[in-house]
Amino acid sequence: MLAHLVVAATAALVTGLVTPLVARLARRLGAVDRPSDPRKVHTAAIPTLGGLAMLIGLLAAVGVAWLLPTFGDLFATTSEPVALLLGAVVISAIGVADDLFGLPATVKLAGQLLAALAVVVFGIQLVHFWVPGLQVVALSSDLGMVLTVVALVAMINAVNLIDGLDGLAAGVVGIAAVAFFIFTVRSTSTGLVESIPTAAPLLAAILAGLCVGFLVHNTHPARIFMGDTGSMLLGLLLGVAGVSYVGRTTAPSYVDFYGSVPLFIPALVLAVPFLDTAFAILRRLVRRQSITAADRGHLHHLLLAFGHSHRRAVLVLYYWSALLAVASVGPAFVPLAALAPWLLAAAVIGAAATVAGTRADRLEGSVDLVPDEQLPAADGSGGGA
Numbered sequence: 001m002l003a004h005l006v007v008a009a010t011a012a013l014v015t016g017l018v019t020p021l022v023a024r025l026a027r028r029l030g031a032v033d034r035p036s037d038p039r040k041v042h043t044a045a046i047p048t049l050g051g052l053a054m055l056i057g058l059l060a061a062v063g064v065a066w067l068l069p070t071f072g073d074l075f076a077t078t079s080e081p082v083a084l085l086l087g088a089v090v091i092s093a094i095g096v097a098d099d100l101f102g103l104p105a106t107v108k109l110a111g112q113l114l115a116a117l118a119v120v121v122f123g124i125q126l127v128h129f130w131v132p133g134l135q136v137v138a139l140s141s142d143l144g145m146v147l148t149v150v151a152l153v154a155m156i157n158a159v160n161l162i163d164g165l166d167g168l169a170a171g172v173v174g175i176a177a178v179a180f181f182i183f184t185v186r187s188t189s190t191g192l193v194e195s196i197p198t199a200a201p202l203l204a205a206i207l208a209g210l211c212v213g214f215l216v217h218n219t220h221p222a223r224i225f226m227g228d229t230g231s232m233l234l235g236l237l238l239g240v241a242g243v244s245y246v247g248r249t250t251a252p253s254y255v256d257f258y259g260s261v262p263l264f265i266p267a268l269v270l271a272v273p274f275l276d277t278a279f280a281i282l283r284r285l286v287r288r289q290s291i292t293a294a295d296r297g298h299l300h301h302l303l304l305a306f307g308h309s310h311r312r313a314v315l316v317l318y319y320w321s322a323l324l325a326v327a328s329v330g331p332a333f334v335p336l337a338a339l340a341p342w343l344l345a346a347a348v349i350g351a352a353a354t355v356a357g358t359r360a361d362r363l364e365g366s367v368d369l370v371p372d373e374q375l376p377a378a379d380g381s382g383g384g385a
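Letter by letter, the sequence shown follows residues 1 to 385 in my numbering.
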């Protein structure tokens with residue numbers, strides 16, 4: 001546990017220190033998000049490319065982990081560290097190109113597929129997992145590869161789409177990473193999962209550190225946006241952590257079910273952006289629009305329109321993500337029957353906070369919902385969109 005904290009602290013410190021330098025670089029390169037698009041909720045030009053700082057933080061943290069005896073078996077017996085670093089570099093390169101030049105959606109998707117394939121080729125792939133009633137399901141290498149790539153690309157785009165308010169994506173991913181880390185450590189320490197080297201706990205700790213370090217500069221009012229460079233990187237890393245953890249036991253208990261279903265915990269914590277993504281696609285299909293078309297129907301836009309201030313809208317979404325994190329990890333510590341009433345009460349409080357708004361907040365946080373047909377195509381600029 002101490003080694004994980006050291007690595008997480010390294011990721012947070014390096015990311016926090018490097019981010020202002022990346023902001024300078026972004027301004028020199030012209031990677032600046034200007035509030036010309038009606039979807040934007042910020043009023044000043046903000047540098048992007050913040051994901052580069054997180055990539056540097058990731059490299060530093062993995063380097064420190066390589067020096068620590070705790071992670072010796074992981075680096076000596078598996079290629080998972082190489083796989084996650086290669087995937088991170090590829091997805092970051094695609095993100096930088098998109099933040100600088102605005103890549104077409106098809107090109108960006110191709111880059112996401114390439115990054116996911118890089119992860120699979122170097123050893124992180126779904127091989128088998130447990131399904132209630134079917135026990136262990138073994139996957140062929142081809143099917144495992146396809147499912148892994150689909151899972152990773154889905155996670156990348158879920159995080160990418162929620163990156164619409166200052167601190168939102170980093171905060172939600174940070175919550176998911178902490179929840180996932182707690183569960184993996186709990187499972188390992190209690191013997192619920194076979195002791196097979198996996199990068200999952202290490203990567204979850206690093207992810208939490210990256211998010212904390214970046215949030216220092218990205219909370220409202222943000223001084224830098226992560227851009228697609230950061231949102232796609234966070235999505236990939238969170239997905240890789242989930243895939244790496246899956247399939248480590250052939251006889252899971254009820255509690256271990258949560259870790260055996262592919263990506264269950266991070267996907268549950270990210271239920272808010274996943275639902276937002278699903279509704280966005282459905283909304284655009286019903287309107288006969290391209291699914292990549294921009295609109296202001298995302299949850300964070302609706303919270304602003306309902307009367308929440310920018311900061312309060314982010315906190316509301318943090319709250320729901322944290323509640324889902326407790327719901328996913330809690331049964332590993334407390335019987336579900338005892339936990340359920342508390343979760344229900346917390347959900348009622350969350351619902352009240354979601355619909356609450358005052359006239360003053362409405363004046364501060366409201367946005368004009370312009371018709372979708374007047375909006376340009378999605379530019380994937382990230383934070384503040």
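For every residue, glycine included, the Cβ atom is placed at its ideal position computed from N, Cα and C.
Distances from the CA of residue 149 to each of 126, 103 and 207 were compared; the closest alpha carbon is that of 126. The straight-line gap separating the alpha-carbon atoms of residue 145 and residue 322 is approximately 31 Å. Under the DSSP assignment, residue 91 falls in the alpha helix (DSSP H) whose first and last residues are 80-101. Within its own chain, the residues whose Cβ lies closer than 8 Å to the Cβ of residue 114, once the five positions on either side in sequence are excluded, are 90 and 94, listed in chain order.
Its chain contains 171 as the residues whose beta carbon lies nearer than 6 Å to that of residue 318, once the 5 sequence neighbours on both sides are disregarded; these appear in chain order. For the set 168, 226, 128 and 330, the Cα lying nearest the Cα of residue 313 is the one of 168. Under the three-state reduction of DSSP, residue 138 is assigned to strand.
Less than 8 Å divides the Cβ of residue 74 from the Cβ of residue 80. For residue 213, the closest of 2, 4 and 20 by C-alpha to C-alpha distance is 20. Residue 73 carries a helical assignment under DSSP once its states are collapsed to helix, strand and coil. A distance of 8 Å or more separates the beta carbons of residue 230 and residue 8. Taking 8 Å as the cut-off, the beta carbon of residue 238 is found closer than this to the beta carbon of residue 177. DSSP, reduced to helix, strand and coil, places residue 4 within a helical segment of the structure shown. Here the alpha carbons of residue 179 and residue 325 stand approximately 6 Å from one another. Contact between residue 241 and residue 207 is confirmed by a C-beta separation of about 7 Å, below the 8 Å threshold.
Here residue 328 is actually not in contact with residue 233; their C-beta atoms are around 23 Å apart, not less than 8 Å. Less than 8 Å separates the beta-carbon of residue 310 from that of residue 220. Relative to the Cα of residue 320, the nearest Cα in the group 336, 354 and 244 belongs to 354. Residue 62 is positioned such that its CB atom lies no closer than 8 Å to that of residue 6. Per DSSP, residue 338 is one residue of the alpha helix (DSSP H) stretching across 336-355.
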